[in-house]
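Student: Numbering (our numbering), first residue to last: 17 to 291.
For glycine and all other residues, C-beta sits at the position ideal for the given N, C-alpha and C.
Input: one structure, supplied below.
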């Protein structure tokens with residue numbers, strides 16, 4: 017009686033399941049609709065060139081979506097800076113405008129206005145703002161030491177206990193730092209581009225992982241090192257380890273300090289690992 021064993025693609029043995037093929041065949045015939053051989057459609061297995069093109073397109077799409085969100089946040093910061101520094105509104109109006117601005121940004125849960133000494137002055141999520149100091153947070157320190165928009169690694173909210181991705185910018189006109197509290201799932205969305213054989217990550221320009229797909233997936237240091245060492249802003253390469261091979265495509269943003277890469281696992285023969 018025929019049987020087969022299911023084994024993982026990397027060679028590690030999974031629990032073995034034995035099937036009676038005659039029973040499976042009979043059940044298939046019972047439930048499958050009758051079709052002629054002429055109606056049968058066979059899906060071609062993508063070759064190496066197709067896989068590479070799909071991976072490149074996924075990286076370009078992911079970078080485009082990330083830059084679109086960053087642009088929206090940057091415009092929102094500029095608007096709030098002008099409103100606060102020139103109109104000098106009372107605190108409750110600042111809060112109301114920050115809340116309304118947050119609601120217009122897809123994936124942003126709140127905006128914080130943080131004094132240069134670290135004290136939280138305004139929080140779009142709550143009024144009045146919690147009496148806390150965020151001066152030791154990396155996203156505040158990095159914003160104070162850099163110009164433009166700064167992306168930080170995902171952190172846990174000090175008062176909410178919920179993870180978020182901080183996107184910050186120093187605003188000298190207010191002597192403050194503005195920080196957008198971004199849902200990590202929003203940042204991860206463009207990286208969820210195909211099934212289990214694909215993945216990717218959003219990195220800072222220093223190689224720190226902002227978010228990845230699958231979530232919390234281990235990333236080989238060699239992959240990040242190769243991307244950072246590349247002089248070009250775009251590229252593809254192959255990453256290999258025993259019983260595993262992947263195509264990697266990366267894109268370095270020319271507008272913001274972020275890098276996107278996508279990867280597609282393949283077999284040594286260059287076909288989809290899931291085939």
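Return the CA-CA distance between residue 58 and residue 199, expressed in angstroms with no decimal places.
Tutor: In the chain shown, residue 58 corresponds to position 42, counting from 1. In the chain shown, residue 199 corresponds to position 183, counting from 1. In this predicted model, residue 58 has a pLDDT of only 37, less than 50, meaning its place in the structure is not dependable; the value taken from the coordinates is given anyway. Distance between the alpha carbons of residue 58 and residue 199 is about 41 Å.
Student: Please state whether the Cβ-Cβ distance between residue 79 and residue 267 is less than 8 Å.
Tutor: The residue you call residue 79 lines up with position 63 of the chain shown. The residue you call residue 267 lines up with position 251 of the chain shown. Their beta carbons are under 8 Å apart, which means residue 79 touches residue 267 by this criterion.
Student: Please report the distance separating the alpha-carbon of residue 136 from that of residue 259.
Tutor: Walking along the chain shown from the start, residue 136 turns up at place 120. Walking along the chain shown from the start, residue 259 turns up at place 243. Going by the C-alpha atoms only, they are around 50 Å apart.
Student: Quick one, are the C-beta atoms of residue 269 and residue 214 less than 8 Å apart?
Tutor: The residue labelled residue 269 in the question sits at position 253 within the chain shown. The residue labelled residue 214 in the question sits at position 198 within the chain shown. Not closer than 8 Å, so no.
Student: What's the gap between the Cα of residue 68 and the Cα of residue 232?
Tutor: To locate residue 68, count along the chain shown from 1; it is residue 52. To locate residue 232, count along the chain shown from 1; it is residue 216. Each residue's Cα considered, the two are about 24 Å apart.
Student: By how many angstroms is the C-alpha of residue 186 removed from the C-alpha of residue 96?
Tutor: Taking the chain shown and counting its residues from 1, one reaches residue 96 at position 80. Taking the chain shown and counting its residues from 1, one reaches residue 186 at position 170. Roughly 12 Å separates the two Cα atoms.
Student: By Cβ distance, which residues of its chain are closer than 6 Å to residue 197, with the 5 residues on each side in sequence left out?
Tutor: Mapped onto the chain shown, residue 197 falls at position 181. These residues qualify, in order along the chain: 125, 126 and 180.
Student: Which two residues bound the contiguous beta strand (DSSP E) that contains residue 265?
Tutor: Start at 1 with the first residue of the chain shown, and residue 265 comes out as number 249. 260-268 is the span of the beta strand (DSSP E), which, as asked, contains residue 265.
Student: Are the Cβ atoms of residue 225 and residue 184 separated by less than 8 Å?
Tutor: The count along the chain shown starts at 1 and reaches residue 225 at position 209. The count along the chain shown starts at 1 and reaches residue 184 at position 168. Against a cut-off of 8 Å, the Cβ pair of residue 184 and residue 225 comes out as no contact.
Student: For residue 229 versus residue 211, is the C-beta spacing smaller than 8 Å?
Tutor: Position 213 of the chain shown, counted from the first residue, corresponds to residue 229. Position 195 of the chain shown, counted from the first residue, corresponds to residue 211. Against a cut-off of 8 Å, the Cβ pair of residue 211 and residue 229 comes out as no contact.
Student: Under three-state DSSP, which class holds residue 67?
Tutor: For the purposes of this step, residue 67 is taken as residue 51 along the chain shown, with counting starting at 1. Three-state result, residue 67: helix.
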